[in-house]
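Notes for the one structure printed next.
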Amino acid sequence: MGHAPAIRLANLTHAYADGRTALAGVTFAAAAGERVALVGPNGAGKTTLFLRVCGVLAGKRGEVTVAGLDPADPAHRKRLPEAVGVVFQNPDDQLFSASVLDDVAFGPLNLGLSREDAAARASESLARVGLPGFGDRVPHNLSGGEKRRAAIAGVLAMRPTVLLLDEPSMYLDPRGRRDLIGLVNGLPGTVLVATHDLEFVLDTCSRAVILDAGRVVADGDPRTLFADAALMDRHGLEVPPRLAAIRTG
430 MGHAPAIRLA
440 NLTHAYADGR
450 TALAGVTFAA
460 AAGERVALVG
470 PNGAGKTTLF
480 LRVCGVLAGK
490 RGEVTVAGLD
500 PADPAHRKRL
510 PEAVGVVFQN
520 PDDQLFSASV
530 LDDVAFGPLN
540 LGLSREDAAA
550 RASESLARVG
560 LPGFGDRVPH
570 NLSGGEKRRA
580 AIAGVLAMRP
590 TVLLLDEPSM
600 YLDPRGRRDL
610 IGLVNGLPGT
620 VLVATHDLEF
630 VLDTCSRAVI
640 LDAGRVVADG
650 DPRTLFADAA
660 LMDRHGLEVP
670 PRLAAIRTG
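Sequential numbering of the sequence shown, starting at 430, is according to this note's numbering.
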């Protein structure tokens, strides 16, 4: 008997109230410990998929299983914050306290940990993302890269088994981006990354799922998929410079 996948999507379909179909029968699974990139043009359905996986958007039972939980089941949904962590595109959406430590401890406190245990877990998570000693800093004064790391620390402090990262490299300078690559490669558990940054995918993920118009159009090794100029062109994407250089070199 093999282990159940950490994320399983079975004919996942989602339509908004205005009738627009955002997802149209998406099916794929991610194994425990796998790092998978979700890529595609704007409007492909990446954000909607994330919101369904983490239970923000309601849906039908049986279409999503994440860490053994069905977000459409009310009883399971209450347990989702312990199992699934989401780092949103804009870290300012997740940083709202007077100090970095308070922000990172917020989730563990909501899980029922004592203030001391939550603070200890927050300090441990800050050290893990390369921000030791940042607990007393004001989130508003952090750099873009530091804000991203603090947001990831806040999620790691919950100790989820599945982590969703939405456009994690956006707005980062080259150093912040390099640091983030190292951080993502060291993250525990299963990681699903939604991004337009295909070079970032090549540095962090062993698999890519290409979405277009709410459907999976390709699933495989990023180096193979991204080097296929015809495939990329059909779905509004471009061959990353690194792979284009190999093809023309």
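For glycine and all other residues, C-beta sits at the position ideal for the given N, C-alpha and C. Note that the structure is a prediction, hence the values are computed from the model and not measured.
As assigned by DSSP and simplified to three states, the class of residue i
i, result
"M430", "Confidence at M430 is low in this model, with a pLDDT of 40, below 50, so its placement is unreliable and the value that follows should be read with caution. Residue state, collapsed to three classes: coil."
"T653", "helix"
"N440", "strand"
"L498", "strand"
"G583", "helix"
"R490", "coil"
"L592", "strand"
"R636", "strand"
"T677", "Confidence is the limiting factor: at T677 the pLDDT is only 49, short of 50, which leaves the residue's position unreliable and the question unanswerable from this model."
"L621", "strand"
Pairwise C-alpha distance: residue j and residue i
i, j, result
"L540", "D447", "36 Å"
"F655", "L585", "30 Å"
"L480", "P669", "27 Å"
"L601", "D521", "14 Å"
"M430", "V515", "Confidence in M430 is poor, its pLDDT being 40 and thus under 50, which makes the residue's placement too unreliable to answer from."
"P597", "L660", "24 Å"
"K489", "A459", "20 Å"
"F629", "A461", "21 Å"
"G678", "E667", "Reliability fails at G678, whose pLDDT of 47 lies under 50, so the model's placement of it is uncertain and the value that follows must be treated cautiously. So the alpha carbons of these two residues sit roughly 17 Å apart."
"A466", "V622", "5 Å"
"L486", "S528", "30 Å"
"T633", "S526", "30 Å"
"G605", "K576", "10 Å"
"F535", "T477", "26 Å"
"T619", "L592", "6 Å"
"G611", "A439", "32 Å"
Distance between beta carbons of residue j and residue i, contact taken as under 8 Å
i, j, result
"S635", "R437", "Going by Cβ atoms, the distance from S635 to R437 rounds to 18 Å, so no, they are not a contact pair."
"A680", "A473", "The shown model of the chain, from 430 to 678, leaves out residue 680, and the question about it has no answer."
"M587", "P537", "7 Å"
"G583", "D532", "6 Å"
CB contact below 8 Å: residue i versus chain D
i, result
"G462", "Here chain D cannot be found, since the structure has a single protein chain."
Extent of the continuous beta strand (DSSP E) to which residue i belongs
i, result
"G536", "Counting along the chain, G536 falls outside any beta strand (DSSP E), though it belongs to the alpha helix (DSSP H) covering V529 to N539."
"G454", "T450 to A459"
"G469", "From DSSP, G469 is part of no beta strand (DSSP E); its letter is neither H nor E."
Closer than 7 Å: residue i CB and nearest the ligand NAP heavy atom
i, result
"N440", "Judged by which ligands are present, the structure shown has none, so any question about the ligand NAP falls away."
Residue i: first and last residue of the uninterrupted alpha helix (DSSP H) it sits in
i, result
"G514", "It is not in any alpha helix (DSSP H) - G514 instead sits in the beta strand (DSSP E) that spans V513 to V516."
"A548", "R544 to R557"
**Study point:** Inter-stretch contact at 8 Å, needing at least 3 Cβ pairs: the stretch 505 to 512 / the stretch 556 to 563
**Key:** no
Check your understanding: Quick check: the stretch 636 to 649 against the stretch 443 to 462, are there 3 or more CB pairs under 8 Å?
Key -> yes
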